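Mapping the sequence shown onto UniProt numbering, position 889 (from 1) lands on 889, and the numbers just tick up by one. Data block below; observations after.
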Amino acid sequence: MRLWVVETDCEVIGGKSDSEALLLQSAHHDEEIDLPTPFSLLSHKIQDKTAVWGNTFKAIADPPYCEGYWEWLEDILSRHEQMLKQKKIYDAIYASLFSYDRLGSVMRRFCELWSPSTNTLHTTVGEMSIFLWDLRALGGLPISGLLYDEVVPSVDELIGVDKDNLYHLPVNCRYLFFAYHRLLTNSKKGEVKIDAWVKFWFKGEISYFKSAKKTSRNKTQRPAKVNNPSGSIGLVRARTSKQEEVFTMLGVKEAQQDVVHLAAFLACWLCKFVLPMGSSELIRPGVFKVAAMMARGKKFSLAVPVLASIYRGLNNIAQSPMPGKCDTVFPVHYVNAWLAEYFNTHFSNDSQSSLQKPRMIRYCGERVARQLDESEVLDLFCKCDGLVMDNFAQRRGEGKELIDDGRLSDWEMDYLVSVRSGYLTLRSGAIKIVEPYSPHRFSRQFGFPQDVPGKLHIDIRTCSLKNIGTHFESLVREKTQSKLRLPNREDRRTIPVTRAYLEWWSHVYGDNSRGSVENSARGKRPASPKQPLVKAKKIATTERRTNPRPTRENGKTSDPVKNVALLNKVTDERSSCEDRNWRHLKNKSGSGTVAKVNVSFNDVDKFFEGVQSSSQPIHANQIEDDDIVHNSKDENFILIDEQQSTSGESIPGPPAFDLAVRQQQQSAVGVVHLPPSTNLPMSGRVAPSTTTMFDTGSTILGACRSAASILDNKIKSVLSKTPLEKLASLRPKLQVIYDEFSKLQLDYTPLQTQIEKYIQNATSYASMKIGFSSGMTVEEKAQRLADVDQRLTDAQALDGQAKQRVQTFRFELSGVDAERAKLKRELELLDLKAKKLRESIDGVDAERVQKEHAISTLQSERATIEAAEVIEPSDMEVANNLESLLMSEQEDILNLAWLP
Numbered sequence: 001m002r003l004w005v006v007e008t009d010c011e012v013i014g015g016k017s018d019s020e021a022l023l024l025q026s027a028h029h030d031e032e033i034d035l036p037t038p039f040s041l042l043s044h045k046i047q048d049k050t051a052v053w054g055n056t057f058k059a060i061a062d063p064p065y066c067e068g069y070w071e072w073l074e075d076i077l078s079r080h081e082q083m084l085k086q087k088k089i090y091d092a093i094y095a096s097l098f099s100y101d102r103l104g105s106v107m108r109r110f111c112e113l114w115s116p117s118t119n120t121l122h123t124t125v126g127e128m129s130i131f132l133w134d135l136r137a138l139g140g141l142p143i144s145g146l147l148y149d150e151v152v153p154s155v156d157e158l159i160g161v162d163k164d165n166l167y168h169l170p171v172n173c174r175y176l177f178f179a180y181h182r183l184l185t186n187s188k189k190g191e192v193k194i195d196a197w198v199k200f201w202f203k204g205e206i207s208y209f210k211s212a213k214k215t216s217r218n219k220t221q222r223p224a225k226v227n228n229p230s231g232s233i234g235l236v237r238a239r240t241s242k243q244e245e246v247f248t249m250l251g252v253k254e255a256q257q258d259v260v261h262l263a264a265f266l267a268c269w270l271c272k273f274v275l276p277m278g279s280s281e282l283i284r285p286g287v288f289k290v291a292a293m294m295a296r297g298k299k300f301s302l303a304v305p306v307l308a309s310i311y312r313g314l315n316n317i318a319q320s321p322m323p324g325k326c327d328t329v330f331p332v333h334y335v336n337a338w339l340a341e342y343f344n345t346h347f348s349n350d351s352q353s354s355l356q357k358p359r360m361i362r363y364c365g366e367r368v369a370r371q372l373d374e375s376e377v378l379d380l381f382c383k384c385d386g387l388v389m390d391n392f393a394q395r396r397g398e399g400k401e402l403i404d405d406g407r408l409s410d411w412e413m414d415y416l417v418s419v420r421s422g423y424l425t426l427r428s429g430a431i432k433i434v435e436p437y438s439p440h441r442f443s444r445q446f447g448f449p450q451d452v453p454g455k456l457h458i459d460i461r462t463c464s465l466k467n468i469g470t471h472f473e474s475l476v477r478e479k480t481q482s483k484l485r486l487p488n489r490e491d492r493r494t495i496p497v498t499r500a501y502l503e504w505w506s507h508v509y510g511d512n513s514r515g516s517v518e519n520s521a522r523g524k525r526p527a528s529p530k531q532p533l534v535k536a537k538k539i540a541t542t543e544r545r546t547n548p549r550p551t552r553e554n555g556k557t558s559d560p561v562k563n564v565a566l567l568n569k570v571t572d573e574r575s576s577c578e579d580r581n582w583r584h585l586k587n588k589s590g591s592g593t594v595a596k597v598n599v600s601f602n603d604v605d606k607f608f609e610g611v612q613s614s615s616q617p618i619h620a621n622q623i624e625d626d627d628i629v630h631n632s633k634d635e636n637f638i639l640i641d642e643q644q645s646t647s648g649e650s651i652p653g654p655p656a657f658d659l660a661v662r663q664q665q666q667s668a669v670g671v672v673h674l675p676p677s678t679n680l681p682m683s684g685r686v687a688p689s690t691t692t693m694f695d696t697g698s699t700i701l702g703a704c705r706s707a708a709s710i711l712d713n714k715i716k717s718v719l720s721k722t723p724l725e726k727l728a729s730l731r732p733k734l735q736v737i738y739d740e741f742s743k744l745q746l747d748y749t750p751l752q753t754q755i756e757k758y759i760q761n762a763t764s765y766a767s768m769k770i771g772f773s774s775g776m777t778v779e780e781k782a783q784r785l786a787d788v789d790q791r792l793t794d795a796q797a798l799d800g801q802a803k804q805r806v807q808t809f810r811f812e813l814s815g816v817d818a819e820r821a822k823l824k825r826e827l828e829l830l831d832l833k834a835k836k837l838r839e840s841i842d843g844v845d846a847e848r849v850q851k852e853h854a855i856s857t858l859q860s861e862r863a864t865i866e867a868a869e870v871i872e873p874s875d876m877e878v879a880n881n882l883e884s885l886l887m888s889e890q891e892d893i894l895n896l897a898w899l900p
């Protein structure tokens, strides 16, 4: 498929009226013609009592603690940091430095709502799923790369060479098998555990121990101690003689020790953390081939097999009649991290060190999963409070396209692969896994409107080895010339759904899902009944179809669009944990309405676009309420106060539905359009209105003074944050503000004079400082010369020592050359001896050829003898009697005189 996103004029709910919808496409689905039917979920089977959980849940067991693994990991990261970062797997390995908590009740509910037929999670707001880009963002797993093929190589592949006399596999691979064979010989059960593998390869000091005490979970805050490493990677340490013993035991040369050591760790990492299969406690020799090639710098696609394993594991649980006892094994820690990211099931660690690493480590540590009761778990996927679907969606400017022409960056290619439909594959020995991958079913997670997904062409779940390679190449193929148009940044607050999808989902999920789907069409967080919020409602002006399809509820025709109010999403609610209190937004102090004021000047922030600041950039959520000035271009935008009066009764006025859908009159006064990331200042509860005189002069004067105060504060704020050398560039922008002061009939001369004086002095000071930068005082010059002289003396001394070392090395090299010449002569003699032995072998082979005919003849004769029947003694006696009788009859015939 060349175009993965197409423009369509189909009716969307929650989108812009002046733009066409961009819909994500699939190359493996057809339009669904038949009436949609509900999907079969585990929750239905539990309700029908055809499935039961029981008291256990084996599949969600965390990777067990392994003594020495974390210490070994830190050693590997310190030694191979540059290479691992270059091959894009440093973050993926770093993520395994921590443990990851989970709450069994959340995972049970997640599995109950997981659909094996679509590989998606069914919530009241529509389908969601774990996709490839999630694994890259959360766990650092690469998407593009070689096919992950877990199989034990043959002897010829392990030690054989190609036509260029190069080994098929890296030499370090055979050392992994040597170590495995040694450990397998000493094993009583005929298997090698990860604990034994770590102890064999890592002989360093143990710093981390298994936590002995299990603390209770916290419902309001992250535990102070999470019993995990700090995450700080130290410097490289020289290996001790004890750590060198393993290389001596295996006969590893010094030049290959680091690579062999890295390959051994990668094999352990793949079995323990990335792809646990069968048992998370055992080493699988099938990973040695991949580990050895990764240690030599080969890049493998890990996100594809990991996601295939996750899908298969979840499907096995969802299809099992006793899911609690289902012993399927898959990397469940990635699922826990996904739930923490999208549904806020874990406490987050937002320290600066964790922000620079793979995102899943924000949710690492023991007992960091929130304590939820059963009702809260049910609400998690039903009310979807706090859900933001497009957390990892990539957005660019208008019209930005990713073209697969071979010039995309690594992240661009990975993102393009993650939105293309296809089949995920994994081969582990005799196990061959294929799972459909349908990103268009959850296109809102990529920032695109959601449409009816259609029906899969062919539901493939297993295939031959050849087809596994074909499916993988089709999924990650590069230079296909396909195009992906990214959604605009401006559309970040609104992710609509089509009317057709709304009707379709109401059929497959239930009529009670309609309001939730529309409310979450843009990732909107529904307001909690305990904490009323100021909602920003926007009228949808998209033209409807000529003959829209009506839906029937209780025998009456109803329009699904009118069933709910279209809500705008506030961007500062997207991912900040500071603005969340589990499922409810943090309640800002006070409440109230916003008066409509006609403001003639433009957004103050636009005056200073492009001006560099000497401090950190000012984000929207850092601006004080008094600094907010924004000109609204949307005449339909209104602010509604949902707070009740102090008397407990609602304020008289039009109903909420009319406020949401009624067009505002053109004669109405303009509105103050606040930036989307700004919280409205609250002014207390609204008291019942009383009759009073309306002083227009005082009102206008107060508005002018407020506007002037905002401009004044903004000027002073920008001046304080702008570097001195950049102040002069502000003059044109300041003049625009001075003009606004003139329109307000204010005397701004004192402010202008003081600012101009400040800019002139700052410019002079900056110029003087630049001139001083190239000179120095007499004392400074003398001090720097003395310092340079001392460093020069030290360098010359070091150079002399280096010369002595060179001479020593040359003497040793001459000895080595002599020894090398001696060994060369011995090698020539050995070659001659080997040649004679080969000639002897050839002579013996020739003699054998001559004797092969005789041997063949004897073998034929022996076969004939063996095939002959054995004569029994009784048969011999009968034969002898017959012979005697014949002789007697012959004699009678000879003696017979029968002629007359």
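Every residue, glycine too, gets a C-beta built ideally from N, C-alpha and C. Predicted, not measured: the structure shown is a model, and the values here were computed from it.
(message) Residues in the same chain with beta-carbon distance under 6 Å from R296, minus the five sequence neighbours each way, listed in chain order, please.
(response) Residue 296 sits at position 296 when you count from the first residue of the sequence shown. Cβ neighbours of R296 beyond the five flanking positions: P170.
(request) May I ask you to report which of helix, strand or coil DSSP gives Y342? (result) As a working note, residue 342 is residue 342 in the sequence shown. Correct three-state label for Y342: helix.
(message) Rounded to whole angstroms, what is the Cα-Cα separation between T248 and K242?
(response) Against the sequence shown, residue 248 aligns to sequence position 248. Against the sequence shown, residue 242 aligns to sequence position 242. Between T248 and K242, the C-alpha separation is close to 10 Å.
(request) Under 6 Å Cβ to Cβ from C463, same chain only, skipping five residues before and after it: list those, please. (result) The residue given as residue 463 occupies position 463 in the sequence shown. Only V434 meet the Cβ criterion.
(message) Measuring only the C-alpha atoms, how far is M876 from E839?
(response) In the sequence shown, counting from the first residue as 1, residue 876 sits at position 876. In the sequence shown, counting from the first residue as 1, residue 839 sits at position 839. In this structure, the CA atom of M876 is about 57 Å from the CA atom of E839.
(request) Compute the beta-carbon to beta-carbon distance between I468 and R420, rounded to the nearest angstrom, for a pair I have assumed lies under 8 Å. (result) Numbered from its first residue, the sequence shown carries residue 468 at position 468. Numbered from its first residue, the sequence shown carries residue 420 at position 420. That pair is no contact at about 18 Å.
(request) Return helix, strand or coil for M249, following the three-state DSSP convention. (result) Start at 1 with the first residue of the sequence shown, and residue 249 comes out as number 249. Reduced to three states, the DSSP call for M249 is helix.
(request) Within the same chain, show all residues whose beta-carbon is closer than 6 Å to that of A59, passing over the 5 residues directly before and after it, in chain order. (result) For the purposes of this step, residue 59 is identified with residue 59 of the sequence shown, where counting begins at 1. The residues are I317, C326, T328.
(request) Please name the residue, chosen from P496, S814, L416, I460, that lies closest to L475 on a Cα-to-Cα basis. (result) Position 475 of the sequence shown holds residue 475. Out of P496, S814, L416, I460, L416 has the C-alpha closest to the C-alpha of L475.
(request) With a threshold of 16 other CB atoms inside 10 Å of the CB of T722, please say whether the residue is buried or exposed. (result) Here residue 722 refers to the residue found at position 722 of the sequence shown. Buried, because 16 or more other Cβ atoms sit within 10 Å of the Cβ of T722.
(message) I'd like to confirm the pairing. Which residues does DSSP put opposite I159 in its beta bridges?
(response) Numbered from its first residue, the sequence shown carries residue 159 at position 159. Partner(s): none; I159 has no beta bridge.
(message) On the DSSP letters alone, give me the boundaries of the beta strand (DSSP E) that T470 sits inside.
(response) Along the sequence shown, read from residue 1 onward, the residue named residue 470 stands at position 470. Where T470 is concerned, there is no enclosing beta strand (DSSP E), although the alpha helix (DSSP H) it sits in stretches over 465-476.
(message) For a test of the three-state rule: what should DSSP assign to W898, helix, strand or coil?
(response) For the purposes of this step, residue 898 is identified with residue 898 of the sequence shown, where counting begins at 1. Coil.
(message) Here's the rule: buried if 16 or more other CB atoms are within 10 angstroms of the residue's CB, otherwise exposed. What is F811?
(response) The residue given as residue 811 occupies position 811 in the sequence shown. The residue is exposed, with fewer than 16 neighbouring Cβ atoms inside 10 Å.
(request) Return the residue from the list C111, S96, L84 that minimises the CA-CA distance to S40. (result) Residue 40 sits at position 40 when you count from the first residue of the sequence shown. The option with the nearest alpha carbon to S40 is C111.
(request) List the whole-angstrom C-beta distance separating A51 from P323, where the pair is believed to meet the contact cut-off of C-beta under 8 Å. (result) Along the sequence shown, one-based indexing puts residue 51 at 51. Along the sequence shown, one-based indexing puts residue 323 at 323. Going by Cβ atoms, the distance from A51 to P323 rounds to 6 Å, so yes, they are a contact pair.
(request) Name the residue from S105, I89, G429 whose alpha carbon lies nearest to the alpha carbon of N55. (result) Taking the sequence shown and counting its residues from 1, one reaches residue 55 at position 55. If we check each option's Cα against that of N55, S105 comes out closest.
(request) Determine the DSSP secondary structure at S279, reduced to helix, strand or coil. (result) The count along the sequence shown starts at 1 and reaches residue 279 at position 279. Looking at S279 - three-state DSSP - the assignment turns out to be strand.
(request) Note down, in chain order, each residue of its chain lying with its Cβ closer than 6 Å to the Cβ of L3, except the 5 sequence neighbours on either side. (result) Working through the sequence shown from its first residue, we reach residue 3 at position 3. For L3, where only same-chain residues beyond five positions count, the Cβ hits under 6 Å are K483.
(message) Give me, in chain order, the residues of the same chain whose beta-carbon lies closer than 7 Å to that of K298; leave out the 5 immediate sequence neighbours on both sides.
(response) Taking the sequence shown and counting its residues from 1, one reaches residue 298 at position 298. Listed in chain order, the non-local C-beta contacts of K298 below 7 Å within the same chain comprise L146, local neighbours out to five positions each way being set aside.
(request) Consult DSSP for S144 and reduce its assignment to one of helix, strand or coil. (result) Counting from one through the sequence shown, the residue named residue 144 turns up at place 144. The answer is coil: DSSP assigns S144 none of H, G, I, E or B.
(request) Go to V6, then tell me how far its beta strand (DSSP E) extends in each direction, as first and last residue. (result) Here residue 6 corresponds to residue number 6 of the sequence shown, with the count starting at 1. Segment 5-8, the beta strand (DSSP E) holding V6.
(message) At 4 residues or longer, what runs of the alpha helix (DSSP H) sit wholly inside the region 720-781?
(response) 731-743, 749-772
(request) Using the Cα positions of A95 and H80, report the straight-line distance between them to the nearest angstrom. (result) The count along the sequence shown starts at 1 and reaches residue 95 at position 95. The count along the sequence shown starts at 1 and reaches residue 80 at position 80. In this model, A95 and H80 are separated by some 16 Å (Cα to Cα).
(message) So for residue 911, helix, strand or coil by DSSP?
(response) What the structure shows of the chain is the stretch from 1 to 900, and residue 911 is not part of that stretch, so it cannot be assessed.
(message) Residues in the same chain with beta-carbon distance under 6 Å from P38, minus the five sequence neighbours each way, listed in chain order, please.
(response) In the sequence shown, the residue the question calls residue 38 occupies position 38. Apart from sequence neighbours up to five positions away, the residues of its chain that approach P38 with a beta-carbon distance below 6 Å are V508, ordered along the chain.
(message) Restricting to Cα atoms, I'd like to know which of W505, V198, P496, G406 is closest to R477.
(response) Taking the sequence shown and counting its residues from 1, one reaches residue 477 at position 477. Taking only the C-alpha atoms, the option nearest R477 is G406.
(request) Measure the C-alpha to C-alpha separation of Q450 and L24 and round it to an integer number of angstroms. (result) The residue given as residue 450 occupies position 450 in the sequence shown. The residue given as residue 24 occupies position 24 in the sequence shown. Near 8 Å, if we compare the C-alpha coordinates of L24 and Q450.
(message) When you compare the CB of S840 with every CB in chain C, is at least one pair closer than 7 Å?
(response) Among the protein chains of the structure shown there is no chain C, as only one such chain exists.
(request) For V6, I'd like the list of residues in its chain whose CB is within less than 8 Å of its CB, leaving aside the five on either flank, ordered along the chain. (result) Here the question's residue 6 lines up with position 6 in the sequence shown. The answer, listed in chain order, is L22, L23, Q25.
(request) Could you check what DSSP says for C704 in three-state terms: helix, strand or coil? (result) Working through the sequence shown from its first residue, we reach residue 704 at position 704. C704 falls in the helix class under three-state DSSP.
(request) Work out the CA separation of R395 and D410 for me, nearest whole Å. (result) Position 410 of the sequence shown, counted from the first residue, corresponds to residue 410. Position 395 of the sequence shown, counted from the first residue, corresponds to residue 395. Taking the straight line joining both Cα atoms gives about 16 Å.
(request) Would you list the one or two residues that DSSP bridges to S428? (result) In the sequence shown, counting from the first residue as 1, residue 428 sits at position 428. Paired residues: E150, I431.
(message) By alpha-carbon positions, which one of W114, N336, M277 ends up nearest to L103?
(response) Here residue 103 refers to the residue found at position 103 when the sequence shown is read from its first residue. The residue from W114, N336, M277 with its alpha-carbon nearest to that of L103 is N336.
(message) Under 8 Å: do the region 199-207 and the region 278-293 share three or more Cβ pairs, one atom per stretch?
(response) no
(request) Determine the DSSP secondary structure at A369, reduced to helix, strand or coil. (result) Mapped onto the sequence shown, residue 369 falls at position 369. Correct three-state label for A369: strand.
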